[in-house]
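So the structure is just underneath, and the comments pick up after that.
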Amino acid sequence: MQPDLSESRRIIAIGDVHGCILPLKKLIRLLKPEAGDQLVFLGDLIDRGDHSKEVIDYLIELSSRFSCHFIMGNHELMYLEYLENQNTEQWLYCGGRATLKSYNILNGNDLPDSHRVFIRSFQYYIQTENYFFTHGGLDPELSIIDNLRYYKPEEFCWQKVHMRQVFLESNNYNWNKTVVCAHTPVPEPVMLDHLIAIDTGCVYNENPLMGKLTAVVLPERRIINIKNPVISL
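When we follow my numbering, the leftmost residue of the sequence shown carries the number 26, and every step to the right adds one.
This is how it looks when you write it as structure tokens:
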């Protein structure tokens with residue numbers, strides 16, 4: 026059963042965090058969420074960055090104070106497949122080693138039980154009357170109903186066809202709702218009639234065009250982001 030998400034209250038969607046705790050905390054402070062607000066984290070909370078454990082700890086605590094909803098990212102999906110002894114090298118190669126290091130462990134099965142239960146609770150998508158929240162996106166040539174009919178939900182974690190230039194330029198998406206997603210890093214958020222994409226490459230902070238953690242406030246479509254500074258040792 027999907028978590029309840031109401032358009033009668035403010036919705037704040039947040040892009041890929043990838044273990045970057047400092048910009049996450051700064052962004053939440055800047056957003057100043059109130060009791061009625063609903064925070065939707067669009068997945069890829071872990072991997073690549075140095076502080077995945079701290080990110081999970083922080084978000085579990087944040088969930089005790091605010092209405093938080095968590096979307097399954099491809100990195101969480103790879104981690105769960107790792108736990109089931111599927112594609113173990115893929116997760117480690119794609120940033121899982123940084124996650125293990127943040128926990129000071131060598132095996133992903135040794136994450137705290139509460140953290141594994143938390144990650145398993147993530148949803149592949151959440152939809153409301155006017156929005157469809159998922160990590161990767163949807164097939165732009167199919168309706169949302171047909172996406173749900175012909176694709177497995179976990180495939181939405183990896184989808185990126187909708188981010189091809191031909192679709193971005195034509196703004197031709199066969200959806201009756203606005204799809205709000207992340208996954209594909211872009212220098213600036215994509216804001217189209219039926220597409221909002223807000224992965225601005227927070228973890229890639231050595232790239233001058235990337236390195237921002239971005240949120241979108243709905244329904245006003247207000248963008249708020251925080252730069253992830255490069256820390257020299």
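The beta carbon of each residue, even a glycine, is placed where N, CA and C say it ideally should be.
All values reported here derive from a predicted model rather than from experimental measurement.
Length of the line joining the Cα atoms of residue i and residue j
| i | j | result |
| --- | --- | --- |
| ARG247 | THR225 | 15 Å |
| GLU213 | ILE221 | 11 Å |
| ILE37 | ASN132 | 34 Å |
| SER31 | HIS94 | 12 Å |
| LEU234 | ILE251 | 13 Å |
| GLU79 | GLU101 | 15 Å |
| VAL186 | LEU163 | 8 Å |
| SER168 | THR159 | 15 Å |
| PRO178 | PHE147 | 12 Å |
| VAL215 | GLU180 | 21 Å |
| GLU245 | ASN134 | 42 Å |
| THR209 | ARG174 | 24 Å |
| MET26 | GLY120 | At MET26 the pLDDT is 39, less than 50, meaning the model places this residue with poor confidence and gives no usable figure here. |
| GLU59 | ALA207 | 24 Å |
| ILE130 | ASP138 | 14 Å |
| ARG122 | GLN115 | 11 Å |
| GLU194 | TYR176 | 25 Å |
Beta-carbon spacing of residue i, residue j below 8 Å
| i | j | result |
| --- | --- | --- |
| GLY128 | LEU117 | Strictly speaking, residue 128 in this sequence is Tyr, with Gly absent from that position. No, the pair does not count as a contact, with Cβ atoms beyond the cut-off. |
| GLY40 | LEU64 | no |
| CYS182 | ASN110 | no |
| ASP62 | ARG90 | no |
| GLU166 | ASN196 | no |
| TYR107 | THR113 | yes |
| THR153 | SER77 | no |
| LEU70 | ILE85 | no |
| ILE96 | ILE151 | yes |
Close Cβ partners of residue i (< 8 Å) along its chain, the five nearest in sequence each way excluded
| i | result |
| --- | --- |
| VAL211 | MET188, ALA222, ASP224, THR225 and GLY226 |
| ASN253 | CYS45, LEU47, PRO48, CYS227, VAL228, ASN230, GLY236, LYS237 and LEU238 |
| THR203 | ASN155, TYR156, PHE157, ASP218, HIS219, LEU220 and ILE221 |
| ARG145 | LEU105 |
| LEU87 | ILE53, LEU64 and CYS93 |
| LYS126 | ASP75 |
Integer Cβ distance of residue i from residue j, believed to fall under 8 Å
| i | j | result |
| --- | --- | --- |
| VAL205 | TYR156 | 6 Å |
| TYR83 | LYS51 | No, TYR83 and LYS51 are not in contact; Cβ-Cβ is about 12 Å, not under 8 Å. |
| GLY161 | GLN184 | 4 Å |
Cut-off 6 Å between Cβ atoms - residues of its own chain near residue i, not counting five sequence neighbours on either side
| i | result |
| --- | --- |
| VAL228 | HIS43, CYS45, ARG73 and GLY74 |
| GLU192 | The residue asked about is misnamed: residue 192 is Phe in this sequence, not Glu. These residues qualify, in order along the chain: PRO165. |
| VAL242 | ILE37 |
| ILE170 | none |
Neighbourhood of residue i by C-beta distance below 7 Å, restricted to the same chain and skipping five residues each side
| i | result |
| --- | --- |
| VAL255 | ASN230 and GLU231 |
| LEU56 | ILE37, ALA240 and ILE249 |
| ASN286 | With the chain represented from 26 up to 258, any question about residue 286 goes unanswered, as that position is not in the structure. |
| HIS140 | ILE81 |
| PHE143 | ILE81 and ILE85 |
Proximity test, Cβ basis, 8 Å: residue i and chain D
| i | result |
| --- | --- |
| VAL228 | Chain labels in this structure do not include chain D; a single protein chain is all it has. |
Proximity test, residue i beta-carbon vs the ligand NAD heavy atom, cut-off 7 Å
| i | result |
| --- | --- |
| LEU52 | The model on display carries no ligand, and the ligand NAD is accordingly not part of it. |
Exercise. Which residue spans inside the segment 148-212 form an unbroken beta strand (DSSP E) run of at least 3?
Worked result: Fully enclosed beta strand (DSSP E) runs of 3 or longer: 150-152, 156-159 and 203-206.
For this session: Kindly provide the ranges of any alpha helix (DSSP H) runs that are 4 or more residues long and lie completely inside the segment 80-138, ordered along the chain.
Result: 99-108, 113-116 and 122-128
Problem set entry | Entirely enclosed alpha helix (DSSP H) segments - the segment 36-87, minimum 4 residues | 46-56
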